Every structure is written in structure tokens, then in C-alpha cells.
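A.B. asks: The structure under discussion is supplied below as C-alpha cells; questions concerning it will follow.
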Amino acid sequence: MAPARIKPQGIFEIYTDFKKRQLYTKSLANSTESHFGERIIKDGGKVYRAWDAKRSKLAAYVLKGSPNTGIREGSVVLYLGASHGNTPSYVSDMVGKEGFVFCLDFAPRVVRDLVFLCKKRENMAPIMGDAHHPKTYADRVSEVDVVFQDIAQKDQAGIFLKNVRMFLKDGGVGLLAVKAKSINIKKDPKQIFAEVRDEIGKEFMITDMRGLEPFELDHAMIVIKKRPPVEEANKSVNTGSRRSSSRRRDDSRSSGSFKRESSNRRDDSRNEKRSSDNNYSRRETKKPAPRTRVRRSR
Ligand SMILES: C[S@@+](CC[C@H](N)C(=O)[O-])C[C@H]1O[C@@H](n2cnc3c(N)ncnc32)[C@H](O)[C@@H]1O
């Protein structure tokens, strides 16, 4: 029997070849359809989509040695700056049929493409909205396990903070792809990354930060964890129980409904690379703003 060419990469739901240079995701519907001209390969009866790190900051972050993306099977993800849906389609593969990806962009031209893509991928929904104003789409997005942001705006950190406060669940992971040149074209990118890290770190625990060169120049990924309020964290220590949200949410898309259990059910440390833990300051999270738990997407 020929040896398998594809193997788990080490980060949840991501695969690689034996040279560990090319990333893949397992195709959501085991479909051989290529959405963006990506290479499709079959291995062991499964279909995999090649994921180009030069076209995706998330893939670049993984190849740069990410210890954790926070995204796994069953996760609900809010993707800010979804564009035509290239990286969101890989996130859709990663979260699988039990997960969901809310894909937000403010440019009508790209949202039109997103609509077509989401018709083919039932675990994705397009949302046209400005990420500066999360209240304007709060009725269409549920509480999420992961907020991912890839938006070239001057106020990238402020946009990220607003959305994390509003939508990220306690214990959830936020990933911010920082584009230094959009913040200040003259400043040293390293200084900008440090300033963004410090701004976000005042409120949330920074778990990782790394540059994305050579895949993306002057970009860094900053990753946070939203800590549960102190009383809740203590409660789970006292009872010896893990914080698991057994609650189920019923969110409906334009057709049919989508149900999921929280991805908290998995032990974070099971097959994921251990985080180098926090090289940066650990601070308490702010209590999330009160919000309705069940939200509907159109
Ligand atoms: C670099 S592209 C994202 C590429 C995408 N993440 C991928 O990897 O496939 C940035 C996107 O952010 C969107 N964008 C910029 N500012 C925004 C805002 N304030 N609200 C929503 N989307 C925004 C742009 O329209 C653009 O499509």
C-alpha cells in the first residue's frame, strides 16, 4: 500500500505533506471543486485543498509556527474582512459541518462573490457591514468561539477590540492580522506591532505574536484569549469541572437551520502544539457587554 501523502500538521484541522511546506484543509463536502484555482488532491479516499500561505495570512501564521489558531471542528467564527472568501473557505473546511463562519465585508463587489461561495458552503454566511460598527450587524451574528480579523484600516486594533468585546465568548480566541503600513506608512513596523500589542494587551491576554514574513511583508499576527470573568473561572476550579457550554444555539440561515454544540468539548491540549505560553503581559479580560444569546443570520 502506498504511504499516505497527507498527514495532520499539528494544528487542529490542518494537514500538510511530508515536506511540511504545503498546507491543506480537508474539503468540507469531500468535493473536488476548486473555488480559487487551488490545487485539489485526493489521498486515502479524502479530498484536500492546497492552501497558499502567500494568499492567506492565516496560512502564513500557521507556517510561521503558530502554536494555536483556536479554530477547530465545530467552532463558530466571525471573520472580519472576508473579501471574496478565499481564507474564509479554508476556515469553513476547518470548522466542518458542525461549525459556522460569519463572513463580514463592507465592499459590495466582494460580498457579491461571497454570496455565491456561501451558496456552495452551507456553514458560511455573507454579511455586508462595516466592522467599525458591530452594533449594525449584531442581530445577524451569534456569540462566537473565534474572531479573526484581516482588515487594512488605520484603526485595526480599535475595530478588533469592539468586535471581540461584543461577539467573542469567554475563553474564546481572537486573531488579528496587523498590516503595519495601513496604520502608519513611515513608522517601523516592529514599533507598530508593539503598540498594537500593548493596546490590546490592556484588556485581553496576548497569547502569541509573530511576524508573517516572508509570506506577507510588514504584517504580524497577534493572538488573544478572552478570559472568563474571575468569579466564573474560580467556580470551575472549585467544582473541578471544566467550563463547558452545553448550551445549543439555533441559528438559522436563509434556508434550513444550523445547530451546534460549543467546541469547548475538546481539550485544547489534546493534539495541538503547546503554546509557548505568554511572552507578553497577562491581564484580566473585561466583562463582555450584555447581549442577546441567539442571533439570526439572514
Ligand atoms: C486583505 S482583504 C482580506 C482578504 C481575506 N482575509 C482573505 O485572506 O481571503 C481586506 C478586506 O477587508 C475589507 N474591509 C476593509 N475595511 C473594512 C471594514 N471597515 N469593514 C468591513 N470590511 C472591511 C476590504 O473590503 C477587503 O475585502
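Numbering follows the working numbering, with no gaps: position 168 of the sequence shown is 469. Each residue gets a CB set at the ideal place from its N, CA and C atoms; glycine is no exception. Note that the structure is a prediction, hence the values are computed from the model and not measured.
Taking the continuous beta strand (DSSP E) assigned at Q450, which residues delimit it?
C.D. replies: Q450 -> beta strand (DSSP E) spans V445 to Q450.
A.B. asks: If you pair each beta-carbon of the stretch 389-397 with each one of the stretch 452-459, do three or more pairs fall below 8 Å?
C.D. replies: With the cut-off at 8 Å, the stretch 389-397 and the stretch 452-459 do not touch.
A.B. asks: Identify the residues that DSSP records as bridge partners of D325: which are they?
C.D. replies: What sits at residue 325 in the sequence shown is Tyr, not Asp. DSSP lists Y316 and A351 as partners of Y325.
A.B. asks: Quick check: does the Cβ of F407 come within less than 7 Å of any heavy atom belonging to ligand 1?
C.D. replies: Yes; taking the cut-off as 7 Å, the Cβ of F407 has a heavy atom of ligand 1 nearer than that.
A.B. asks: I'd like to check one pair, N464 with P490: are the Cβ atoms closer than 8 Å?
C.D. replies: Result no, Cβ atoms of P490 and N464 do not sit closer than 8 Å.
A.B. asks: Tell me where the beta strand (DSSP E) around A478 begins and ends.
C.D. replies: Counting along the chain, the beta strand (DSSP E) containing A478 begins and ends at L469 to K480.
A.B. asks: Are the beta-carbon atoms of A478 and Q454 separated by less than 8 Å?
C.D. replies: Contact: no.
A.B. asks: Within its chain, find whatever has a CB closer than 8 Å to the CB of R413; leave out the 5 residues flanking it on each side and keep chain order.
C.D. replies: The answer is none, since no qualifying residue turns up.
A.B. asks: For L418, which residues from the same chain have a beta carbon less than 6 Å from its beta carbon, with the 5 sequence-adjacent residues on both sides left out?
C.D. replies: Excluding residues within five positions, the ones whose Cβ falls inside 6 Å are G386.
A.B. asks: Could you check whether the stretch 505-523 touches the stretch 344-351, counting it as contact only if at least three pairs of C-beta atoms, one from each stretch, sit closer than 8 Å?
C.D. replies: With a cut-off of 8 Å, the stretch 344-351 and the stretch 505-523 do not count as touching, because too few Cβ pairs lie within range.
A.B. asks: If V378 and V416 are in contact, beta carbons under 8 Å, what's the gap, nearest whole angstrom?
C.D. replies: That belief does not hold up - the Cβ atoms of V378 and V416 are roughly 18 Å apart, past 8 Å.
A.B. asks: What distance in whole Å lies between the Cβ atoms of S376 and D318, which are believed to be in contact at a cut-off of 8 Å?
C.D. replies: With 8 Å as the limit, D318 and S376 do not qualify as a contact, their Cβ atoms being about 25 Å apart.
A.B. asks: Note down the Cα distance separating P368 from M522, rounded to an integer number of angstroms.
C.D. replies: Going from the Cα of P368 to the Cα of M522 covers about 12 Å.
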